[in-house]
Each structure stands twice: as structure tokens, then as C-alpha cells.
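When we follow my numbering, the leftmost residue of the sequence shown carries the number 98, and every step to the right adds one. Ideal Cβ positions, reconstructed from N, Cα and C, are used throughout, including at glycine.
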Amino acid sequence: MPQLYCWLVALADSYDGFLIDLDGVVWLGHEPIEGAAKAIAALAAAGKPFVFVTNSPRVTPAEQARILREQGIEADEDRVVTAGDTLLELTRKEIGEAGKVYAIGTSGFLEQVEGAGFQLLPAERWQEAEAVLVTGHPRFDYDELKAASMAARAGAFLATIGRDPTMPMPDGLWPGTGSIVAAVEAASGRTAVVAGKPERPIFDLGVRRLGLPEGARVAMIGDRLDTDVGGAQKAGLEGILVAGNESHNPETQVTPNHNISSLLDLTD
Ligand SMILES: [Mg+2]
Numbered sequence: 098m099p100q101l102y103c104w105l106v107a108l109a110d111s112y113d114g115f116l117i118d119l120d121g122v123v124w125l126g127h128e129p130i131e132g133a134a135k136a137i138a139a140l141a142a143a144g145k146p147f148v149f150v151t152n153s154p155r156v157t158p159a160e161q162a163r164i165l166r167e168q169g170i171e172a173d174e175d176r177v178v179t180a181g182d183t184l185l186e187l188t189r190k191e192i193g194e195a196g197k198v199y200a201i202g203t204s205g206f207l208e209q210v211e212g213a214g215f216q217l218l219p220a221e222r223w224q225e226a227e228a229v230l231v232t233g234h235p236r237f238d239y240d241e242l243k244a245a246s247m248a249a250r251a252g253a254f255l256a257t258i259g260r261d262p263t264m265p266m267p268d269g270l271w272p273g274t275g276s277i278v279a280a281v282e283a284a285s286g287r288t289a290v291v292a293g294k295p296e297r298p299i300f301d302l303g304v305r306r307l308g309l310p311e312g313a314r315v316a317m318i319g320d321r322l323d324t325d326v327g328g329a330q331k332a333g334l335e336g337i338l339v340a341g342n343e344s345h346n347p348e349t350q351v352t353p354n355h356n357i358s359s360l361l362d363l364t365d
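So, in C-alpha cells, the structure goes:
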């Protein structure tokens, strides 16, 4: 333990701050990864600013923070940046604080949209929509597709959290947000702006949340070569790959700035 613990601190010393992925790094499907809490406590003890950055659409930052605390990781909602947060910030920039939004997503996502101050429109009032926000949810239907695509075709800002077409479930791959976005794009003839990893907006928001001065050296720590490491490098950051989830990594030209075997190894 002491050797690897010191190595983490040494790695921390070469950066001013970190963005840390959750699934596959801190937990797997909310099952804690052994050693992650201790490793994160070590980062905190080293005085390095860090925030958790996740594409997960299904829970709010406050809920993510609560799960982190249950796993012994000190975190409040400001410590978590989600693709949903980033999507709402992009939308605010496009249509203002209290604009009219038609949104597709879980009840939790719709609550987040309303909680952020936007006016949430029912499907039959799609003509009023200034923005159309698309995320995955299990009751997606034709009326939603119709409202979203017609509003987008009429010129509403069209944005989503990500383009992952599927999500792994116990009985195989279920259609994910990307499949629903593809349907809205096909029906509207528009291309959605993407807030989440590997696109730049979520990295920019994460870095701003760190509160570091211009030119600070920031690394993203994640388990996906394309989404985490490649996305971070395109956004001007460095990428540290936590191995162990290789089935998710397509063939790619991306080279991580550092490889770590897993946070579990830190306490072995
Ligand atoms: Mg991950």
C-alpha cells in the first residue's frame, strides 16, 4: 500500500487539478470499487482540486454526491459535474435563464430542467419551444419524437447529453440516448449539440468548477480511452487511463498521458 499511495501523490504533484470519471473508476453500477475512497481521500489530503465528471443522465449531481458519501467519499453536489448539468448550461447560454423547453427524458431529468428555471412544455405545445433537449428514458414514444423533431425542424436549439447508442444491461444491449437522438435527427434534419464526453462542453465546465487559473495543468482520469482520454486531450487536457474495462475501448489512435492499472491497486 505505501508505495502505490506515494505514487498517487507523486502523480498528483504533476497536475494542478483532476477531473475524475465515476463509473468504472469510483464504482461499477454504484457498487464501490475497493480502494477508490482511500485513493480519493489521498488526493484531497494532497490538496489537489478535483471534481467528478460523469455522462450518467439518470441521477442528479446531488444524488451522485449522496451515493459518493455513502461510499465514504466526501462530496457535495458542487463536486459533481454531469452531462445533464452541462446540457442545461449550454441551453441557458442559447435561450436565456427561463426559456421554453421541450424535453425528452426520465422524470428525474425533467425535474432538473424545471429546477434550473426553464419552462417545460407539454408535447402539444412544441411550437413554442426555444430548445429541445433529448436524453434516454424507457417510455420514449412517437408523440415525443414528433414534438421534438417538429420543434427542432422549426428552429429550436437541439441538444443532448451524448451519443452512446446502447447501454449494457443484464440481458444485453438496450437502446440508449444516442438511438433516440438519432431518431430525432432523422425526423428533423437537424444535428444535435452534444454536452457530454467525449465532446468539449463537459470538460470545460469541469475545469471551470475546479476554479484554477488560466493555463493550469489538468488531467481527466477515466476508464474509456475514447470518451475520457481522447475527449480530454481534444479539450486541451491530459488523459489518465484506468485499465480494466477494455471491452468498452474501440480501436483508436488515442495514447493516454499515463496508464494506471486501477484505483483498486492503490490499496493492495
Ligand atoms: Mg467510466
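- Closer than 7 Å to some heavy atom of ligand 1: that does not describe the Cβ of Gly-126.
- Note that the C-beta distance between Tyr-199 and Ala-245 is below 8 Å.
- According to the DSSP assignment, Lys-197 belongs to the beta strand (DSSP E) that extends over 197 to 201.
- The straight-line gap separating the alpha-carbon atoms of Val-304 and Leu-125 is approximately 24 Å.
- Pairing Pro-353 with Gly-336 gives a Cβ-Cβ distance under 8 Å.
- Note on geometry: alpha-carbon atoms of Phe-215 and Leu-184 lie some 12 Å from one another.
- At least one heavy atom of ligand 1 sits closer than 7 Å to the Cβ of Gly-121.
- Secondary structure at Asp-325: helix, using DSSP grouped into helix, strand and coil.
- Inter-residue distance for Gly-132 and Ala-329 is about 24 Å (C-alpha atoms, whole angstroms).
- Per the coordinates, the alpha-carbon of Ile-357 lies some 6 Å from the alpha-carbon of Leu-338.
- About 18 Å separates the beta carbons of Ala-143 and Gly-169, which is beyond the 8 Å limit, so they are not a contact pair.
- A residue is called buried when at least 16 other Cβ atoms come within 10 angstroms of its Cβ; Gln-224 does not meet this threshold and is exposed.
- Distances from the alpha-carbon of Ile-192 to those of Gly-202, Thr-157, Val-229 and Arg-166 put Val-229 closest.
- Per DSSP, Gly-205 is one residue of the alpha helix (DSSP H) stretching across 204 to 212.
- Comparing alpha carbon positions, the residue from Glu-160, Met-266, Val-281 and Asp-261 closest to Gly-273 is Asp-261.
- In its chain, beyond the 5 residues on either side, Tyr-199, Trp-223, Ala-226 and Val-229 have a beta carbon closer than 6 Å to the beta carbon of Ala-248.
- In this structure Asp-182 is buried. Its beta-carbon is surrounded by 16 or more other beta-carbon atoms within 10 angstroms.
- Close CB contacts of Ala-159 within its chain, under the 7 Å cut and outside five residues either way in sequence, are with Glu-174 (chain order).
- By a beta-carbon distance limit of 8 Å, Ile-318 contacts Ile-117. Their separation comes to about 5 Å.
- In the assembly as shown, Asp-110 is an exposed residue. Its beta-carbon has fewer than 16 other beta-carbons within 10 Å.
- For Glu-335, the uninterrupted beta strand (DSSP E) run begins and ends at 335 to 339, by DSSP.
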